[in-house]
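>
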Ligand SMILES: Cc1ncc(C[n+]2csc(CCOP(=O)(O)OP(=O)(O)O)c2C)c(N)n1
Ligand SMILES: Cc1ncc(C[n+]2csc(CCOP(=O)(O)OP(=O)(O)O)c2C)c(N)n1
Ligand SMILES: [Mg+2]
Ligand SMILES: [Mg+2]
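See the structure below:
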């Protein structure tokens, strides 16, 4: 297996209650099944444009999603379906947006790479590498300034650690002690290039933490419990004025970079090894080990499947967006006029 | 004294020959007297525009200037008079450029912030923070590709370590093992803001070296011998394929950031303490300690003074640039036409 | 009315809005303790304290990114980019993030912020510290673009920009910072998107911005006195929104258009206005549209060279007197 | 002549020049092993090896900075910026460094490099991956700007750009990558700064670029057939240098100008051409200058929306048939 071997072992049940554990299970499942559906939909040519799945990386979005306060803020990337859903955004809205329908979260104007649901604290998906790190810092600044104890959580990939905005955002957040958590999902690849081929250090985020006077944190990003615990710990600290954290979560994407990518650049067997460590598979096994009943898990699986089916139908039933939308919302007045 | 106390003590004379030592002395003096003259000239309103002196920082430009091969390349900033002179650029050309005269290194087109003398390997002064770090890396790439064993040396300030291009250039240079030496002149201030107020670590460059898998190097930037030795060591390594280095040289500028700046933001006494460690003062004392004769040093001082006087007169005698120059050298064909 | 310099009007505009609205915060490099390299924000730190007036590292992407994130979540930041040339190092945040977020999110996200920046030449700073980049900004959908010529407009339009729900790029003219003018006392808020007719003539309409407004006015005096050519001078004040009603009306009245632009020629704001006139006002035109711009070159540094690139009063007079009768 | 796709012509142009000149090197993200996200550089790594064809980290400033430093010191780099929208993250290197260095140094520094980038919409990628930013580039003095519409031009103009002593921003049209056309075999080098008249008519001159050339041609057919309007179509090919001789002559002949621009309206390249015509060709004009552009908005993503923003054949036909007779 490429990258660091993640640490093993379940947390003592006492630390994370079984309600939380079921929530983590359910959420991972929601993300997985919804994205698998997205994949089916573009095979059916119902999703145009591009689309970046995070199949295999669900434990990270879910671990944070469950740990966050409803008024916390998420900032994520073009690979942001999971992170947006994890804040409670509607599946219909997500699938609808991917399909370019009226019911889409963004009315079809943003597309797959820009999912946003401000009402749920999902403050946007950003498609140009690096930009959302300083933006997340800014949200954290606003929380700090107003004393609201909200936290901004910013997800990004390993490849993102080599762009200038990463550096600026980290330094800036530390000197202002901002309540922002930077979460690097190290899935070992940029688009098609292994991160190790283009990075001066082994752990692209964690090995740079010291450059910002931050603690070095590497976690198993396929273990929802570990993510949840880490999220809780650093978010609590941030709420109390302890400043930012930089977390590197080791994981792997099961699919290609985007719909166009068959991912043939991967060494033979790599995917298979990581499938063994599929976050949902290991979490399910852990729940059973910890004494949860199979039927409970089955029920959840059925519920989520039904939920995804329903969302799919609703999205399919939605019309193409009205052309009027083209000239709406450039400006706060609702319009697009640049002249009188 | 703010910042790290630099290490004390002269190098054993065996290491650096007395010819080299005299060259280091002379060069520091050239930089000092030429820049002092620049200051006089703008008090006389003969220099328009801005101008950034590095009075007090001469040991760095000189230490590298003497250590570099004639075909090595220097990349520096708007505070680049010293670095350009240290490669052998003409004083008349430098003063003439500051005065906007025809004899200026750039014919008056670039001005104080863009001094360049390609024939001497002075590959430009860059006035937008950060940009020249990747550019220097590119020159190093060209040397590496062609196997010339040339080295690119890139000078910049402490404040520059917080901009994105710094991060990108460092990572890039390390993964390609480029023969480039990054020299951070830590003079404790950005323009008017202490670097410590805006940086997450104490040593803005050295404390980040590990983030690029580089050695942590902090040197006394007011000690020309130490600079020379460090320069030689890392340039040799780079020539042999050992890749880049990041050097943080502690120093202090005696004057304000630019001609407009009275530097009132400095704590009382700070300047005085650093004047005690004036690189030229300590170097002169050391030479005497090491047995050089006072008369030799006096001769050099007189020669350099005469040289500066001569350059000043030559620059003053030079005409304002011909207006034809306005429309020259946008393009390689010598002209400025964007249409037929 | 008090007489203020252009730079004092900047501080006055910011102070007025910060006093009125706690959500207004101000950040930039050397802006707090030092009061800005152009001394345009002196006094704000003392008045509003270090939580609202903040010095930043040399991290323009972080500065504008932070301003954006804060604006999205309820604050109304004012961010300074010291020289407009440096917008290039954070252009992604301006052009791709701040400008597009409202639209891409179908109106969910608001980014009410102001980016103030020192624009333009005349200080012998050379090609990387003297550019006029108002046309870069005008080319980006989703951002308003303001460039005042007078201290009163600085205060009034800056206040309006801070209160605006949309992002505004506010270009301050470097070489006007010490220009003095009457500024209304007390709370003063102007309106974005209104050009101002400063002088009416019958032979030609000169449309200008920022420093060029002053040169246009001076040229118009000389043209009247020495050449018998009577010019209207329109101060555009805001490129986006653009007051095409005023411009079209004035050009229709005189039958001729001359734009005076400090930006280099190609794709300058004057080209946009020329193209609007050449379409919508074509039948009222009595002769060619003339653009007087900085040539399409990087700006040279030496005083003699710089003075011969940015449109001067003499060049404006010469061009117009030769081509308009 | 062989039939190549537009993307194959990219690889062919690069390969031709790399084979000829050792100084030509190529760098970018995912360009070597993967052959580029648009598969436009497949095969180059195998042919020229890992010292000349290099994969880079996501560090656009480092990529272009490195290209510049290498160009200054004797190499002739080709750098890929994957999507033209990303030029914003390295705009300083383009606009302030690469473009200005020769001038600022009074001709001492040469920067012979090519920046290739995928430009334009039509792929439902949304506002941050679909922009047409050729006008950003045209606004910067010191950089040449090329945007081919046909595979042959891709190869010929790319070769010419690589051989040019000046920096060239080379815009490849994303939605044309699979477009096929005849490309001359063997060494083929075109010339920068020459527009091409693809069709001559008498009622109006349509000036277009890249994808819009294809739409203009199609629209011209329909206008002729269904509306009896006979159009000249000029493919600008290079915005800088701009072939004003050809454009002025063609507009003078027809008396009307229509520009078709994919860039959003304000300060688009068509505005510049319109302003040139409105000055230098004013007396030959028979009616208003018309600009058909993407509206001044960020680009929406959904197919139905995107198709109704970028100028379509139908919109071109409609505008011209309504306004020109
Ligand atoms: C500035 C910029 N450069 C390049 C790209 C193209 N791009 C999109 S995703 C990607 C790889 C990102 O890798 P990583 O940060 O590891 O995230 P992952 O896709 O693995 O989640 C690249 C290069 C971009 N969107 N923005
Ligand atoms: C991108 C950018 N931001 C801001 C500036 C304005 N500026 C010029 S010098 C300077 C301070 C630089 O400090 P440092 O790197 O320590 O160099 P020093 O001046 O001390 O030599 C600043 C902020 C600039 N030139 N470029
Ligand atoms: Mg990755
Ligand atoms: Mg400094």
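Chains as they are written, first to last, in my numbering: chain F, 217 to 556; chain W, 217 to 556; chain V, 19 to 343; chain H, 19 to 343.
Glycine included, C-beta positions come from ideal geometry on N, C-alpha and C.
#1: What residue range does the alpha helix (DSSP H) around residue 357 of chain F cover?
#2: Do residue 247 of chain H and residue 187 of chain H have their CB atoms nearer than 7 Å?
#3: Give me the chain W residues within the contact set of residue 111 of chain H, using Cβ-Cβ distance strictly less than 9 Å, ordered along the chain.
#4: Less than 7 Å separating the beta-carbons of residue 385 of chain W and residue 80 of chain H?
#5: Mind pulling the chain W residues with CB within less than 8 Å of residue 527 of chain F?
#6: For residue 549 of chain W, I'd like the list of residues in its chain whose CB is within less than 8 Å of its CB, leaving aside the five on either flank, ordered along the chain.
#7: Beta-carbon of residue 232 of chain F versus every beta-carbon of chain V: anything under 7 Å?
#8: Given this structure, state the Cα-to-Cα distance separating residue 292 of chain F from residue 345 of chain F, to the nearest angstrom.
#9: Within 7 Å of any Cβ in chain V, is that where the Cβ of residue 344 of chain F sits?
#10: Please decide whether residue 139 of chain V counts as near chain H, where near means a Cβ-Cβ distance under 7 Å.
#11: Taking only beta-carbon atoms, is residue 219 of chain F less than 7 Å away from chain W?
#12: Taking 6 Å as the cut-off, is the C-beta of residue 143 of chain H nearer than that to any heavy atom in ligand 1?
#13: Are any of the Cβ atoms in chain V nearer than 7 Å to that of residue 336 of chain H?
#14: Going by Cα to Cα distance, which pick from H:276, H:302, H:70 is closest to residue 293 of chain V?
#15: Does any residue of chain V bring its CB to less than 7 Å from the CB of residue 393 of chain W?
#16: Give every residue of the same chain whose Cβ lies closer than 6 Å to the Cβ of residue 329 of chain V, excluding the five residues on either side of it in the sequence, and list them in chain order.
#17: With a 10 Å radius around its C-beta and 16 neighbouring C-beta atoms as the bar for buried, classify residue 390 of chain W as buried or exposed.
#18: Along the chain, where does the alpha helix (DSSP H) that runs through residue 442 of chain F open and close?
#19: Using a Cβ-Cβ cut-off of less than 8 Å, give me the residues of the region 277-302 of chain W that come near chain V, in sequence order.
#20: Is residue 144 of chain V close to chain W, meaning its C-beta is less than 7 Å from at least one C-beta of that chain?
#21: Please return the same chain residues whose Cβ sits closer than 8 Å to the Cβ of residue 99 of chain V, not counting the five positions on each side in sequence.
#22: Assuming contact is defined by CB atoms lying nearer than 7 Å, are residue 278 of chain W and residue 302 of chain W in contact in what I supplied?
#23: Should the region 456-470 of chain W be regarded as contacting the region 431-439 of chain W, the criterion being three or more beta carbon pairs within less than 8 Å?
#24: Could you pull the start and end residues of the beta strand (DSSP E) that residue 373 of chain F belongs to?
#25: Is residue 230 of chain H close to chain V, meaning its C-beta is less than 7 Å from at least one C-beta of that chain?
#26: Can you tell me the Cα-Cα spacing of residue 275 of chain W and residue 482 of chain W, whole angstroms?
#27: Residue range of the beta strand (DSSP E) that residue 258 of chain H falls in?
#28: Ignoring anything shorter than 4 residues or poking outside the region 93-140 of chain H, list the alpha helix (DSSP H) runs there in chain order.
#29: Quick check: residue 417 of chain W and residue 75 of chain V, are their CB atoms within less than 7 Å of each other?
#30: Work out the CA separation of residue 404 of chain F and residue 539 of chain F for me, nearest whole Å.
#31: In the structure shown, what three-state DSSP assignment does residue 153 of chain V receive?
#32: Buried or exposed: which applies to residue 521 of chain F, given that a residue is buried once 16 or more other Cβ atoms fall within 10 Å of its Cβ?
#33: From the DSSP output, which residues share a beta bridge with residue 199 of chain V?
#34: From residue 546 of chain W to residue 30 of chain V, what does the alpha carbon distance come to, in whole angstroms?
#35: Whole angstroms are fine: how far does the CA of residue 485 of chain F sit from the CA of residue 49 of chain H?
#36: Ignore the nearest five residues each way along the sequence and tell me which others in residue 510 of chain F's own chain have a CB closer than 7 Å to its CB.
A quick look at the data gives this:
#1: Indexing the first chain from 1 puts residue 357 of chain F at position 141. Residues 348-362.
#2: For this step, residue 247 of chain H is matched to residue 229 along the fourth chain. For this step, residue 187 of chain H is matched to residue 169 along the fourth chain. Their beta carbons are not under 7 Å apart, which means residue 247 of chain H does not touch residue 187 of chain H by this criterion.
#3: Residue 111 of chain H sits at position 93 when you count from the first residue of the fourth chain. Those are 347, 350, 351, 381, listed as they occur along chain W.
#4: Working through the second chain from its first residue, we reach residue 385 of chain W at position 169. Working through the fourth chain from its first residue, we reach residue 80 of chain H at position 62. Against a cut-off of 7 Å, the Cβ pair of residue 80 of chain H and residue 385 of chain W comes out as a contact.
#5: The count along the first chain starts at 1 and reaches residue 527 of chain F at position 311. Per Cβ cutoff of 8 Å: no residues; residue 527 of chain F is ~39 Å from chain W at best.
#6: Translated into positions along the second chain, residue 549 of chain W becomes position 333. Once the five neighbours on either side are set aside, residue 549 of chain W has no close Cβ partner at all.
#7: The count along the first chain starts at 1 and reaches residue 232 of chain F at position 16. Not closer than 7 Å to any Cβ of chain V, the Cβ of residue 232 of chain F fails to qualify, so no.
#8: In the first chain, the residue the question calls residue 292 of chain F occupies position 76. In the first chain, the residue the question calls residue 345 of chain F occupies position 129. Going by the C-alpha atoms only, they are around 10 Å apart.
#9: Working through the first chain from its first residue, we reach residue 344 of chain F at position 128. Yes, its Cβ sits closer than 7 Å to a Cβ of chain V.
#10: In the third chain, the residue the question calls residue 139 of chain V occupies position 121. Chain H contact via Cβ: absent.
#11: Here the question's residue 219 of chain F lines up with position 3 in the first chain. Caution is warranted here: a pLDDT of 39 is assigned to residue 219 of chain F, below 50, making its placement in the model unreliable, and no coordinate value can be reported.
#12: Here residue 143 of chain H corresponds to residue number 125 of the fourth chain, with the count starting at 1. No, ligand 1 has no heavy atom inside 6 Å of this Cβ.
#13: In the fourth chain, counting from the first residue as 1, residue 336 of chain H sits at position 318. Chain V contact via Cβ: absent.
#14: On the third chain, residue 293 of chain V is found 275 positions in, with the first residue counted as 1. Here the closest residue by C-alpha is H:276.
#15: Sequence index remark: in the second chain, residue 393 of chain W carries index 177 (1-based). Chain V, which has no Cβ nearer than 7 Å to the Cβ of residue 393 of chain W, makes this no.
#16: Taking the third chain and counting its residues from 1, one reaches residue 329 of chain V at position 311. Within the same chain, residue 329 of chain V has close Cβ partners 278, 310.
#17: By one-based count along the second chain, residue 390 of chain W stands at place 174. Classification of residue 390 of chain W: buried, given that the 10 Å Cβ count is 16 or more.
#18: Position 226 of the first chain holds residue 442 of chain F. From DSSP, the alpha helix (DSSP H) with residue 442 of chain F extends over 440-455.
#19: none
#20: For this step, residue 144 of chain V is matched to residue 126 along the third chain. Taking Cβ atoms only, chain W reaches closer than 7 Å to residue 144 of chain V, which makes this a yes.
#21: Taking the first residue of the third chain as 1, we reach residue 99 of chain V at position 81. Once the five neighbours on either side are set aside, the close Cβ partners of residue 99 of chain V are 46, 78, 81, 82, 105, 108, 133, 134, 135.
#22: As a position in the second chain, residue 278 of chain W is number 62, starting the count at 1. As a position in the second chain, residue 302 of chain W is number 86, starting the count at 1. Yes. Within cutoff.
#23: yes
#24: The residue you call residue 373 of chain F lines up with position 157 of the first chain. From DSSP, the beta strand (DSSP E) with residue 373 of chain F extends over 368-373.
#25: As a position in the fourth chain, residue 230 of chain H is number 212, starting the count at 1. No, no contact with chain V.
#26: Along the second chain, one-based indexing puts residue 275 of chain W at 59. Along the second chain, one-based indexing puts residue 482 of chain W at 266. Residue 275 of chain W and residue 482 of chain W: Cα-Cα distance of roughly 22 Å.
#27: Here residue 258 of chain H is taken as the residue at index 240 of the fourth chain, counted from 1. Where residue 258 of chain H is concerned, the enclosing beta strand (DSSP E) stretches over 256-258.
#28: 119-122
#29: As a position in the second chain, residue 417 of chain W is number 201, starting the count at 1. As a position in the third chain, residue 75 of chain V is number 57, starting the count at 1. No, the Cβ-Cβ distance between residue 417 of chain W and residue 75 of chain V is not below 7 Å.
#30: Position 323 of the first chain, counted from the start, is the residue given in the question as residue 539 of chain F. Position 188 of the first chain, counted from the start, is the residue given in the question as residue 404 of chain F. Going from the Cα of residue 539 of chain F to the Cα of residue 404 of chain F covers about 41 Å.
#31: Looking up residue 153 of chain V in the third chain gives position 135. Three-state result, residue 153 of chain V: helix.
#32: The residue given as residue 521 of chain F occupies position 305 in the first chain. It counts as exposed.
#33: Working through the third chain from its first residue, we reach residue 199 of chain V at position 181. Note: residue 199 of chain V sits in a beta bridge opposite V:22.
#34: Position 330 of the second chain, counted from the start, is the residue given in the question as residue 546 of chain W. Position 12 of the third chain, counted from the start, is the residue given in the question as residue 30 of chain V. Rounded to the nearest angstrom, the two C-alpha atoms are 41 Å apart.
#35: To locate residue 49 of chain H, count along the fourth chain from 1; it is residue 31. To locate residue 485 of chain F, count along the first chain from 1; it is residue 269. Using only the alpha carbons, I get a separation of about 24 Å.
#36: Translated into positions along the first chain, residue 510 of chain F becomes position 294. 504.
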